[in-house]
Structures are given as C-alpha cells and as structure tokens.
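Read the structure below first, then the notes.
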Amino acid sequence: MARATARHILVASEDKCNELKAAIEGGADFAQLARDNSTCPSGRSGGDLGSFGPGQMVKEFDTVVFSAPVGVVQGPVKTQFGYHLLEVTSRQD
Numbered sequence: 000m001a002r003a004t005a006r007h008i009l010v011a012s013e014d015k016c017n018e019l020k021a022a023i024e025g026g027a028d029f030a031q032l033a034r035d036n037s038t039c040p041s042g043r044s045g046g047d048l049g050s051f052g053p054g055q056m057v058k059e060f061d062t063v064v065f066s067a068p069v070g071v072v073q074g075p076v077k078t079q080f081g082y083h084l085l086e087v088t089s090r091q092d
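Under numbering that gives the first Met the number 0, the first residue of the sequence shown is numbered 0, with each subsequent residue one higher.
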C-alpha cells in the first residue's frame, strides 16, 4: 500500500498562500514559515504531518500528495480548511 510523508502550511487566503510560496521559492525556510504562519497545529512542528496512506486526508490534499513530485512545493491547494502549501517529503508506491 502506498504511504507518504508530507508537510504543509495552512492559511486562510489564497493571497497569503501565494506570498508564502514566493518566499519559499526565494529561499525562505519552509519549516520556519509553517511555525510562523500556519493555522494548523502541525505548524508547531514545521508543518510535518507524519506518515499516512491514501484516503486518510481530505480528497484535494490526497490527490496532490499521491501525484506530485517529492520535494517540490505545491499550492495553493484549496480545501474546506483553507489554503495549503504542500510538500511531499517521501512516498513509497
């Protein structure tokens, strides 16, 4: 069964999400931005979500995690919770 590890940053607006993505692309540290900006409790641990399988996250999130290249920041990804920047840190298919 497929498994993945990922980290994310959850914010309320698409504009904020795009702003953070630009900062990461400019060299800012993903984990530090998660600690400073994410509204998800995982932000305290740099956005780390641990290991999970297909179907354990909301559909929009799941689709990205199990299709995006490892190590490339994706987003904004809109879910019922807000807007996410998402980075798959590992995946076993």
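Ideal Cβ positions, reconstructed from N, Cα and C, are used throughout, including at glycine.
7 angstroms Cβ cutoff met for residue i and residue j
i, j, result
"Ile-23", "Val-72", "yes"
"Gln-91", "Arg-2", "yes"
Nearest residue (CA-CA) to residue i, options the options
i, options, result
"Lys-77", "Ala-3, Asn-17 and Ala-1", "Asn-17"
"Glu-86", "Met-0, Asp-35, Gly-54 and Ser-50", "Ser-50"
"Cys-39", "Ala-27, Gly-81, Pro-53 and Gly-54", "Gly-81"
"Phe-65", "Asp-14, Gly-26, Asp-28 and Ser-89", "Ser-89"
Extent of the continuous beta strand (DSSP E) to which residue i belongs
i, result
"Ala-5", "2 to 10"
Cα-Cα separation, residue i to residue j
i, j, result
"Gly-46", "Leu-84", "10 angstroms"
"Pro-68", "Ser-41", "22 angstroms"
"Gln-31", "Met-0", "32 angstroms"
"Arg-6", "Val-57", "14 angstroms"
Start and end residues, alpha helix (DSSP H) containing residue i
i, result
"Thr-62", "58 to 64"
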